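Residue numbers (the numbering used here), protein chains in the order written: chain L, 88 to 463; chain G, 88 to 463; chain Y, 88 to 463; chain A, 88 to 463.
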């Protein structure tokens, strides 16, 4: 009854559906993915690994657009398996661009960028890889594994290795470069690597990225429904790549990906190169207020966190806190007041935190300084 | 990464996915549709109007099975438009049974019945109708509108008129039988009518059902995602038909539909023939405890409601309540204590309620008696 | 550790307490009692029946102020039992004004009015009564029951009968005037009656109020904690009297009480004289938007409810709704869209509702007309 | 209306109050404090620093019992200031045991232990101290500060220093022993120290406790309402001392306190001596299930956490996890599945965690080993 259609004639219609009725019995958690921009860059939430019925996914592309809009994503790419078409008997479509074309069309009413992509789907090596910003997916239907990367390159693609930790291809789950990958990297044919894929995060992939200057990616690789896979109703979110781009455009995203300016956002963990993680964390923290308690030398410092991350930090300021000893939480989109023991009354001082869920290396966590100016 | 697949060879696999991580920040409302059985019948929650990509829906049939399992439905039918195939360019499938065949296959691991159905999709008259329990949807591809109902009948189908209140076919939204419908009814070719479709409920369709002895149906007619359309995360639910069946089987459902033993469940409203609504409401209410307050003549009566309905009732017992004056609520799956003023201490008495969200006619609400035995 | 105190010397101090830390794991329901003003009057939420340790309550007056501030009340009165002093061995205070004096002092930092009151505590007749706006509670310590009402009158008091349905005084819970009450009323010594007290509501008290032109009161009569008694954490609220006053002042409240301009707010029920209930309900409902669905004759009308009441209404407009059949809900502080079948497209029409939780008589519910102007 | 009382005669009554009505609109977070017993000890949740109107608190002792019952505490002590009586004009009671006597009486219907205590309230040194298990508080009304500790000792008291970090006595908030304290400790007159008081936790007090073999205490020092002070409706809890006792009795608690078997539970932090923290954490963690994913070398290990603590841990097992990189959460009363990369398939292995919210020294966190046996 959703389409405005009578008898056997189709009437295209923008007829508004009856408004959804109220459901007053519960309050669904906010699902939009929300990190503030940094001083220098827009922070764009992107999911560049998505499947539909046009390869082995279970939904039509319109659902992918609805999910992305509900998640407040900035950009998505449909990345159908080029070579793996389990629905081919039902959808014998010859055009590997079809999913992207439909997604772009469904995205038109929304403020959502759609990047053209495809998944090169091979045995290991090279395993699976996504090519983004391509011109024509059909031209990537090439038997030779190296030739397909070369063709992607000719189309200007940014290419990244998918789920290098996949147990179906590496039973021990260890992400490790093969000589084939090394060749691709050396010849500018591979630019990134998924440190985060779906429900997994890979320490070894992070090390590979850092060692080889690969862009750190986090993707959902969604096949079913985002809502089910990530427990949206319970407050979960899909993994995304936060892209630090000069502006909100496909071109700026492309520039940022090639420049490696990304942070993967997985459950409550941010993972990326130190400078990028620092930008994102610094961009979301600020001091809302600071004053001493009465005539004492204990300062109440109110920190504001404008991001989705529930920052879990260790206080390494050199000052004890009256409010916290073990861990300190700076919950998302809220203010937290610390009681800082500065021993004497100071006009200004620095807080210093080790942010345990801001990962900058396998054993590295971001350390960040927050300068505090006290109000008399 | 969801299928266990290496290179270009498909490996069918039941490999367990990594367990979903905890999402401790929110508590999703229970979404299972849950009405207890009545004294005589199983109460089966059924959705017999569902679309997939095989007509104008947006998901593959596996998603429909996942949604139904999450909703704890007892039975579903994929009811693709026979004549309306907007995805035909991409899915040029010649077999109108395909969606049902796939649904049945996906449902196998679950305790979910799948009824074979199809939607006969015509201008008004006769508009759209669903045929259930058919043998072969392909044989329903008949140009003549009457002939298709006759073929459905030959296949043993239970047939019902869909969304008779649809503004695309009746701009005033008034459900009204046409001579064609009357002919179908008189010749045993039409057996039910949707009083509830998607986000709508029709007083006029209810009147038509009661006047013509048509089975009262409530369906989702889902095209997109159940979770989005019905606000599942906010505590909503899809509309369903509660079928009062002798047992939990396709055959028993068929018998009950032909016998008219249904209640539609829409938002917080139950609608059906009085005897059926009475069975469902009576089956879900019981007295958990009753005793007088101290030496007074005010009895505390604890009523238990084991159903999903938030019963909103008027007290027409003839006794005042100390606890309620305007409306009385018996929230779902919980106990509520009423303070009943019986004027003198009685060993037993009757409570009588007008259940305002249990609709048995356009202006009729169920009245139900709850006998109370007082504990000394 | 809350008072700034060293050794045996007390140091009065406004030392700020450490800010309360974040509790990110749950979201408490809003507890403020919130009804918008009407066209003519301020709507003031008042609780005029409250106990502290100065009679048989369990808290110091400061807690009563904190509870009231959290509930966003406009006015309260401490109404200690004059004659019933179960804590007298520990608190042998001779001054019956003490509780009020303390409450007023604790309320000073807040925007909360404190009315001076006391509870005249007698056997039936006359039972318990509250006197508000008194000058000196000590002067009400008079043995003769009539003389105490006369003294209250001399002090300018507004006096109302408390819990006339109390089973400890009327084992059948039936509120019924005695000759003594009739004398009080006839001589302007009794002006109101509690239709709502704590967890009870009394149909008979409502009838007495309407028959005798008594002001309808709703009070908590709180002795323990408001949070526990009314399930604040589960979304409950204390009963209050909504006073329709010309301005927000003690004097205006007094004028309104004598003029009978009140509505009691109990659980989800509003109860009062028709004109007052109408003012409150009308003041909280508005049409946010109205337009027809496409070319149809079904109008989407969005109603806005700015009050705490979850209005439960029957549609008695003469138009069917596509969206609702049994009951219609207009949840608190939200918008609800109805799909109104006007049969032809109209520029304006009236919706008419029977508001089932707006009680204007024992069997009477408010009927209200909402005029709708359609946007082209 | 809560007491069953007519006229001027008091009728003691156990008349049941009308049952609290349902509040279906919200679900309050569980507030009971719940840590499972350890292998050797009962884990008893105790609050041994509580005020009522009998010193400078704001509630009658019955409310303190209700709060404790709702928090599922095992034991409480009313610890009124002996020397500080700001309500003395209203409550000129001469008996410093009165609060305890009343609390004990109110606790009788419940399974709650009440320990007799008092707060010795002096300038620094020695500041404030609580004496527990005393016989007669009145005999502690001694001017000389040393003499009062000696009297407490004669009564068999366990004595601890309250809020050594209090800015009103130490403007820099630094807990530091004075010679007076050292004398008390050396002469067995001081046995414990509050590391946690109300909204504060003190690193320096922890160091003092560890250096001087003082029992680590955590208390609320509640003066107002527990629900308001600790954000109960938002999921907060009051600070308590978890006492590891041989059985659930006052005597066993006393033995455990003198033996130093305590862990303070503050917000989401456990703090105590390593052996005690280890017992509590080990007692709440177990392996529910462990098996390898298909033919891979990645093991799904499901950990069960039966405590209120949201354990925040670093994986120091030597194995990478597919599921977590930065921090790992083991939410309260739930199961969490880790995907452990053991490189080869093992029959058994050890997981090792650094539990960041289990504090055993100023810079020390508990490290715990969880042995895993894999199911084939």
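Think of the CB as a built atom: it goes at the ideal place given N, C-alpha and C, for glycine as much as any other residue. Note that this is a predicted model, so its numbers are computed, not measured.
Checklist entry - From residue 450 of chain L to residue 341 of chain L, what does the alpha carbon distance come to, in whole angstroms? => result When the Cα atoms are used, residue 450 of chain L and residue 341 of chain L turn out to be separated by approximately 29 Å.
Next on the checklist: Just to confirm my understanding: we take residue 291 of chain A, look at its own chain, exclude 5 residues before and 5 after, and list those with CB closer than 6 Å. What are they?
Outcome noted: Once the five neighbours on either side are set aside, the close Cβ partners of residue 291 of chain A are 261 and 262.
Next on the checklist: Going by beta-carbon coordinates alone, are residue 218 of chain Y and residue 194 of chain Y separated by less than 9 Å?
Outcome noted: If you check the CB distance, residue 218 of chain Y and residue 194 of chain Y do not come in under 9 Å.
Checklist entry - Which chain A residues sit within Cβ distance under 9 Å of residue 185 of chain Y? => result In chain order: 177.
Next on the checklist: Less than 9 Å between the C-beta atoms of residue 399 of chain A and residue 414 of chain L, yes or no?
Outcome noted: A Cβ-Cβ contact shorter than 9 Å links residue 399 of chain A with residue 414 of chain L.
Next on the checklist: Between residue 259 of chain Y and chain C, is any beta-carbon pair separated by less than 9 Å?
Outcome noted: The chain inventory of the structure shown lacks chain C, comprising the protein chains L, G, Y and A.
Checklist entry - Can you tell me whether residue 275 of chain L is buried or exposed, with buried defined as 16 or more other CB within 10 angstroms of its CB? => result If you draw a 10 Å sphere on the C-beta of residue 275 of chain L, you find fewer than 16 other C-beta atoms in it, and that means exposed.
Checklist entry - Is DSSP giving residue 122 of chain L helix, strand or coil here? => result Here residue 122 of chain L sits in coil by DSSP.
Item to check | Buried versus exposed call for residue 456 of chain G [16 or more other C-beta atoms within 10 Å across all chains shown] | outcome: By the C-beta density criterion, residue 456 of chain G is exposed, having fewer than 16 other C-beta atoms within 10 angstroms.
Checklist entry - Skipping 5 residues on each side, what residues in its chain have a beta carbon closer than 6 Å to that of residue 144 of chain Y? => result Taken in chain order, the residues that qualify are 138 and 310.
Next on the checklist: Could you tell me the alpha carbon to alpha carbon distance between residue 459 of chain A and residue 404 of chain A, rounded to whole angstroms?
Outcome noted: If you draw a straight line from the Cα of residue 459 of chain A to the Cα of residue 404 of chain A, it is about 12 Å long.
Next on the checklist: Here's the rule: buried if 16 or more other CB atoms are within 10 angstroms of the residue's CB, otherwise exposed. What is residue 324 of chain G?
Outcome noted: Its Cβ being crowded by 16 or more others within 10 Å, residue 324 of chain G is buried.
Next on the checklist: Is there a Cβ of chain G sitting closer than 9 Å to that of residue 288 of chain Y, yes or no?
Outcome noted: Residue 288 of chain Y belongs to the set of residues whose beta carbon lies under 9 Å from a beta carbon in chain G.
Next on the checklist: For the ligand ADP, is there any heavy atom lying closer than 8 Å to the beta carbon of residue 461 of chain Y?
Outcome noted: What this structure holds is no ligand at all, so the ligand ADP is not there to describe.
Checklist entry - Can you list the residues of chain A that residue 410 of chain L reaches, using a CB-CB cut of under 9 Å? => result Those within 9 Å of residue 410 of chain L in chain A are 286, 287, 288 and 354.
Item to check | Proximal residues of chain Y, C-beta to C-beta of residue 311 of chain A below 9 Å | outcome: Neighbours of residue 311 of chain A on chain Y, chain order: 89, 149, 150 and 153.
Next on the checklist: Among the candidates G:224, G:452, G:354 and G:132, whose CA atom is the shortest distance from the CA of residue 361 of chain G?
Outcome noted: Measuring from the Cα of residue 361 of chain G, the nearest candidate turns out to be G:452.
Item to check | the segment 342-353 of chain L / the segment 291-308 of chain L touching (three or more Cβ pairs under 8 Å) | outcome: Flag = yes, the segment 342-353 of chain L and the segment 291-308 of chain L touch.
Next on the checklist: Considering only their Cβ atoms, is the gap separating residue 454 of chain L from residue 442 of chain L smaller than 9 Å?
Outcome noted: Contact flag set, yes.
Checklist entry - Whole-angstrom Cβ separation of residue 225 of chain L and residue 250 of chain L, contact assumed at under 8 Å? => result With a contact defined as Cβ atoms closer than 8 Å, residue 225 of chain L and residue 250 of chain L miss out at about 25 Å.
Next on the checklist: For residue 157 of chain L and residue 370 of chain G, I'd like the C-alpha separation in whole angstroms.
Outcome noted: Rounded to whole angstroms, the gap between the alpha carbons of residue 157 of chain L and residue 370 of chain G is 39 Å.
Checklist entry - residue 135 of chain Y to residue 272 of chain Y, Cα distance in whole Å? => result In this model, residue 135 of chain Y and residue 272 of chain Y are separated by some 20 Å (Cα to Cα).
Item to check | Alpha carbon of residue 363 of chain Y to alpha carbon of residue 384 of chain G, nearest angstrom | outcome: About 33 Å.
Checklist entry - Taking only beta-carbon atoms, is residue 167 of chain A less than 9 Å away from chain Y? => result Taking Cβ atoms only, chain Y never reaches closer than 9 Å to residue 167 of chain A, which makes this a no.
Item to check | Straight-line gap, residue 339 of chain G to residue 246 of chain G (C-alpha atoms, nearest Å) | outcome: The alpha-carbon separation between residue 339 of chain G and residue 246 of chain G amounts to approximately 16 Å.
Checklist entry - Which residues in the same chain have their Cβ closer than 6 Å to the Cβ of residue 186 of chain A, if we skip the five residues on either side of it in sequence? => result Result list for residue 186 of chain A: 139, 141, 148, 165 and 167, in chain order.
Checklist entry - Considering only C-alpha positions, which residue in the set A:208, A:118 and A:427 is nearest to residue 216 of chain A? => result Among A:208, A:118 and A:427, the Cα nearest to that of residue 216 of chain A is on A:208.
Checklist entry - Who are the neighbours of residue 437 of chain L on chain G, taking C-beta pairs under 9 Å? => result None at all; the shortest Cβ gap to chain G is about 31 Å.
Item to check | Own chain, CB closer than 6 Å to residue 432 of chain A, minus 5 neighbours either side, in chain order | outcome: These residues qualify, in order along the chain: 379 and 384.
Next on the checklist: Please confirm whether residue 319 of chain Y has its beta-carbon closer than 9 Å to some beta-carbon of chain A.
Outcome noted: So yes, residue 319 of chain Y belongs to the interface.
Checklist entry - At least one CB of chain G closer than 9 Å to the CB of residue 116 of chain L: is that the case? => result For residue 116 of chain L, a Cβ of chain G is located within less than 9 Å of the residue's own Cβ.
Next on the checklist: Under DSSP, the beta strand (DSSP E) around residue 141 of chain L begins and ends at which residues?
Outcome noted: In the DSSP annotation of this structure, residue 141 of chain L is not part of any beta strand (DSSP E), being labelled neither H nor E.
Checklist entry - Exposed or buried, residue 269 of chain A, counting other C-beta atoms within 10 Å across all chains shown (16 or more means buried)? => result Result: exposed.
Next on the checklist: Does any residue of chain A have a CB that is nearer than 9 Å to the CB of residue 316 of chain L?
Outcome noted: Chain A, which has no Cβ nearer than 9 Å to the Cβ of residue 316 of chain L, makes this no.
Checklist entry - Is the Cβ-Cβ distance between residue 377 of chain A and residue 386 of chain A less than 9 Å? => result Yes, these two residues count as a Cβ contact at 9 Å.
Item to check | Test: residue 109 of chain G CB closer than 9 Å to a CB of chain Y | outcome: Since pLDDT at residue 109 of chain G reaches only 41, below the 50 mark, its modelled position is unreliable, and no value is offered.
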